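From first to last, the protein sequence lines stand for chains W and U.
In terms of my numbering, the first sequence opens at residue 1 and continues consecutively.
In terms of my numbering, the second sequence opens at residue 1001 and continues consecutively.
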Amino acid sequence: MIKKVVIAASVAVVFAGAAQARDQIQIVGSSTVFPFSTAVAEAFGQKTRFSTPVVESTGSGGGMKLFCSGVGTGHPDITNASRRIKSSEVELCAKNGVADITEVKLGYDGIVIANAIEAPAYDLTLRDLYMALAKDVPTADGKWIPNPNKTWKDVNASLPAVKIEVLGPPPTSGTRDAFVELAMEGGCKTFDWVKALKKKDKAAYKAGCHTVREDGGYIDAGENDNLMVQKLTSNPDALAIFGFSFLDQNADKVKGSRVGGVAPEFELIADGSYPVSRALYFYVKQAHIGVVPGIAEYVAEFTSEAAWGPEGYLGDKGLIPMSDAERAQWSASAQGNAKLSM
Amino acid sequence: MTDAPMNGQPGEVRRGLSRTDTMETVRKGLRRRYAAERRFKWYGRIAIAIALGFLVVLVGSILFRGASVITQTHILLSVELPMDAFSVDGEVTDESLQRADFGGIVKQALRDRFPDVSKRRDRRTLYQLISTGATYELRDHVVADPSLIGQTIDIWLTASDDIDMLDKGYIDRNVDSTGRRVSDQQIAWYDALIADGRLERHFNTTFFTSGDSREPEQAGIWGAALGSFYTLMVTLLLAFPLGVTTAVYLEEFAPKNKWTDLIEVNINNLAAVPSIIFGLLGLAVFLNVIGLPRSAPLAGGVVLALMTLPTIIIAGRAALKAVPPSIREAALGVGASRLQTVTHHVLPLAMPGMLTGSIIGMAQALGETAPLLMIGMVAFIVDLPGGPLDPATVLPVQVYIWADSPERAFVERTSAGIIVLLLFLVVMNLSAVMLRKRFERRW
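As structure tokens, this is what we get:
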């Protein structure tokens, strides 16, 4: 008898829950934007009378999928991305009734190639990185050969004769995507015949430029960047690829290598001279503004100088701010709910 | 005893098997068997020692890293609360209190303490001594007691995570200052505060009473503990009655035929299904079809209930099987109906075993993150959940989120979170043992 009551009560609770509206903003998306988005969410919760938004780290692609799944309080209001929305995702959104989206660029993230503080400093070029980490490398006479390079000296005579051992994020990571696109492809393109190949045979170009070696030179170290910092301190020969914020927080244990002669420093990433950096975005579902309370205020908090400005609290979290002109432009379009057009 | 073989022909003497030889062989064999037994015992002991060694290293390192979270560094500041900062037209109202610039007041207090800091850049490093949450601590303090306005009060405010790490000895002040999180100047201020007795470590109430935060010094485990509690309550309320009724029906009432065999095989298989599958099911059915709120302990509890059901059913059936048939026969013999036999006699005797099974199932559910990933409980949530419908996260997810955060101070919080999770588990397992000891019957 009691059991029946309990079951009936649980079922009743289930359906009561279904009818409930939502009073906190739901944010999904990139794990790279997660530290920044959560910092803004927390400040927003403390400063205003709205509930603190719930932020999930689903990855850029996963976030887009959830975001574009429909309109209504069962679907998230904002998605973060460490890349721009793709046209296929815009189409998916439109198909599910998510027509009006506001795009906001929030700043930059630098990808650093770091090693232990007591290890020798590296000065790498994009070509060095590519030649060290690609599965197949191009030769001068227009062929692909399996990567013969075992040490950094094999790659570039000016580098130390240390075994190539690079810890990096797994293929599911946005950081890995960006690294492959910016650093590896950047290095790959320095071969003239490969660059010409892009027009002729895009598939072969991508396979050659985007495939990371699997013979132990590149070590999949999982998504946990703290773990990579620990591994670097215990193995001075290894290098690791992670986001700038981890270098910033652990600058007494690890140091970033120069890439193309530019050190991964705050100012140098901000002005665009550090080559391996990418823009970060978030996207707002306009149909939810006014339905879920606080969305406009959250966007205002994110785009305020106190948050994303050069002296703002997001800078302390490792975000590289945009230039004054860019900030002014993006905050105007964000607060005016400008519609995304591809 | 004779030397003559028992089943041989009389008078025939077997060669090479004198009495002494036989005894010798037996003795050798015995010795070998004893030695084998001794060796086996030692293998066992060594295995246990290795296992214990790992456990000690694991728990020890977690305790070693997490213990320091018990205290948190605070700084005593003399804060001036001028009337005009809080009032509009000379009147202090709720609204004027909310609008007051508490951040500016805290900064002013810091500048008053170190008046020789004048450059803008230096001031910024000065402000970094204090947690950004100090603003809200002061606000709550003043809102709770508005009569303080107009006075200068001494108040302990939370120090920033970097200062906390420095105080706890995690930052080496002898390293070259370029790579250090705390500058030489900040160390000088820190030393001055210590000399004045204005920097102390107090019990870390924040950690045990608040939800998550991006600032390590403001992050707490209580939100996740509440989330785990609500989730497990939902799981228990659903899985226990369903599991027990299923077990009783299958064991006591169901006919033995192809259908019940099929159901049994399926339940056993279900117990081995990877937990992420249940998460996908939860997303597809409970969130998308029924429309349960995302990130809510209700949805999480329902998914985990599905996951623990097979465990409870299997343990429940084993417990029912262990009740001797004589009990049933005696009850039926004095005229009890089958339902009465089960509810009055069999079920009470099987209950300790069923409870143990359920608690083990619940303990497993407590440690799950994978099924919760799909239904949005792996999330950053600051507000404490007030019930099973509010967004919440659970203890293992909190540990994961902290382990993934760049700030150094989250390392000790990760370990402390693991300690809290382990304590939860120990309490649950202890209660399982106690229930069994208390109600167990032996025949």
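Backbone N, C-alpha and C define an ideal beta-carbon position, used for all residues, glycine too.
Quick caveat: nothing in here was measured; it's all calculated off a predicted structure.
For residue i, the nearest candidate out of the options (CA to CA)
i          : options                                        : result
Thr1152(U) : Leu1423(U), Pro1255(U), Ala1363(U), Pro1082(U) : Pro1082(U)
Ser1087(U) : Arg1099(U), Leu1076(U), Gln1186(U)             : Arg1099(U)
Ile1155(U) : Val1289(U), Glu1200(U), Ser1337(U), Asp1404(U) : Glu1200(U)
Asp1140(U) : Leu1097(U), Glu1329(U), Leu1076(U)             : Leu1097(U)
Leu1298(U) : Lys1258(U), Ala1239(U), Tyr1230(U)             : Tyr1230(U)
Lys153(W)  : Phe266(W), Asn147(W), Ala161(W)                : Ala161(W)
Leu997(U)  : Phe1114(U), Gly1220(U), Thr1308(U)             : Nothing in the structure corresponds to residue 997(U), since chain U is present only between 1001 and 1443.
Asp1161(U) : Leu1281(U), Ala1331(U), Thr1073(U)             : Thr1073(U)
Ile219(W)  : Pro170(W), Gly315(W), Cys209(W)                : Pro170(W)
Gly1376(U) : Val55(W), Arg213(W), Glu301(W), Glu118(W)      : Val55(W)
Tyr298(W)  : Arg22(W), Ser31(W), Ser37(W)                   : Ser37(W)
Leu1389(U) : Ala1350(U), Val1323(U), Gly1227(U), Asn1288(U) : Gly1227(U)
Ser1358(U) : Leu1055(U), Met1428(U), Leu1287(U), Leu1372(U) : Met1428(U)
Ala1322(U) : Gly1353(U), Ala1336(U), Leu1425(U)             : Gly1353(U)
Val1285(U) : Asn1269(U), Val1273(U), Val1302(U), Ala1272(U) : Val1302(U)
Thr1093(U) : Leu1306(U), Ile1149(U), Ile1048(U)             : Ile1149(U)
Gly142(W)  : Gly315(W), Glu181(W), Ala204(W)                : Ala204(W)
Ala1305(U) : Phe1240(U), Arg1438(U), Ile1277(U)             : Phe1240(U)
Beta bridge counterpart(s) of residue i as assigned by DSSP
i          : result
Val194(W)  : For Val194(W), which the question treats as bridged, DSSP gives no partner whatsoever.
Trp1222(U) : The partner list for Trp1222(U) (beta bridge, DSSP) is empty, contrary to what the question assumes.
Glu103(W)  : Tyr283(W)
Pro390(W)  : Residue 390(W) is absent from the structure shown; chain W starts at 1 and stops at 342.
Val259(W)  : Leu124(W), Val262(W)
Asn115(W)  : Lys255(W)
Arg278(W)  : Asp109(W)
Leu268(W)  : For Leu268(W), which the question treats as bridged, DSSP gives no partner whatsoever.
Thr1152(U) : Glu1080(U)
Asp220(W)  : Gly168(W)
Leu1199(U) : Ile1075(U)
Gly1044(U) : Beta-bridge pairing links Gly1044(U) to no other residue.
Thr79(W)   : Val28(W), Tyr283(W)
Contact under 8 Å by Cβ, residue i with residue j
i          : j          : result
Ala1416(U) : Phe1207(U) : yes
Leu1242(U) : Met1362(U) : no
Ser1275(U) : Glu1217(U) : no
Ile1401(U) : Phe1380(U) : yes
Pro275(W)  : Phe244(W)  : no
Asp225(W)  : Arg1180(U) : no
Leu1157(U) : Ile1070(U) : no
Gly1223(U) : Ala1409(U) : no
Ala1247(U) : Ile1327(U) : no
Cys209(W)  : Met184(W)  : yes
Gly256(W)  : Val112(W)  : yes
Val33(W)   : Phe282(W)  : yes
Gly61(W)   : Asn80(W)   : no
Met1374(U) : Leu1232(U) : no
Glu1252(U) : Val1334(U) : no
Leu1166(U) : Arg1113(U) : no
Ser51(W)   : Asp23(W)   : yes
Pro321(W)  : Pro1406(U) : no
beta-carbon residue i near the ligand HEM non-hydrogen atom, thresh 7 Å
i         : result
Asp316(W) : Of ligands this structure carries none, so the ligand HEM is not represented either.
For residue j and residue i, believed in contact at Cβ under 8 Å, the rounded distance
i          : j          : result
Leu230(W)  : Arg1294(U) : Per the sequence shown, the amino acid found at residue 230(W) is Gln instead of Leu. Contact doesn't hold; Cβ gap of about 34 Å is too wide.
Val1079(U) : Leu1126(U) : That belief does not hold up - the Cβ atoms of Val1079(U) and Leu1126(U) are roughly 15 Å apart, past 8 Å.
Asn156(W)  : Asp128(W)  : 5 Å
Thr1135(U) : Phe1102(U) : 5 Å
Ser277(W)  : Gly110(W)  : 4 Å
Asp1395(U) : Ala1225(U) : The amino acid at residue 1395(U) is misidentified as Asp; the sequence shows Leu. The pair is a contact, with the Cβ atoms about 6 Å apart (cut-off 8 Å).
Gly312(W)  : Glu301(W)  : That pair is no contact at about 11 Å.
Thr303(W)  : Ala334(W)  : 5 Å
Arg1413(U) : Ala1219(U) : 6 Å
Residue-chain proximity (residue i, chain A), Cβ-Cβ < 8 Å
i          : result
Thr1132(U) : You won't find chain A in this structure, because its protein chains are W and U.
**Prompt:** the stretch 214–229 of chain W: which residues have C-beta closer than 8 Å to a C-beta of chain U, in chain order?
**Reply:** Glu223, Asn224, Asp225, Asn226
**Request:** Taking only beta carbons into account, state which residues of the stretch 245–271 of chain W come closer than 7 Å to chain U, listed in chain order.
**Result:** Ser245, Phe246, Gln249, Ala251, Asp252
**Prompt:** In the stretch 66–77 of chain W, which residues sit with their C-beta less than 7 Å from some C-beta in chain U, listed in chain order?
**Reply:** Within the stretch 66–77 of chain W, the qualifying residues are Gly74.
**Asked** If contact means a Cβ-Cβ distance below 8 Å, which residues of the stretch 49–63 of chain W contact chain U?
**Response** Ser51, Thr52, Val54, Val55, Glu56, Ser57
**Prompt:** Between the stretch 103–116 of chain W and chain U, which residues of the former have CB atoms less than 8 Å from a CB of the latter, in chain order?
**Reply:** none
**Item:** Near-chain W residues of the stretch 1212–1232 of chain U - C-beta to any C-beta below 9 Å
**Value:** Asp1212, Ser1213, Arg1214, Glu1215, Gln1218
**chain U contacts made by the stretch 313–325 of chain W, where a contact means CB separation under 9 Å** = So the close ones are Tyr313, Asp316, Lys317, Gly318.
**Chain-ordered residues of the stretch 1278–1296 of chain U with a beta carbon less than 9 Å from chain W** = Phe1286, Leu1287, Asn1288, Ile1290, Gly1291, Leu1292, Pro1293, Arg1294, Ser1295, Ala1296
**Request:** May I ask you to list, following chain order, the residues of the stretch 1315–1346 of chain U that have a beta carbon less than 8 Å from some beta carbon of chain W?
**Result:** none
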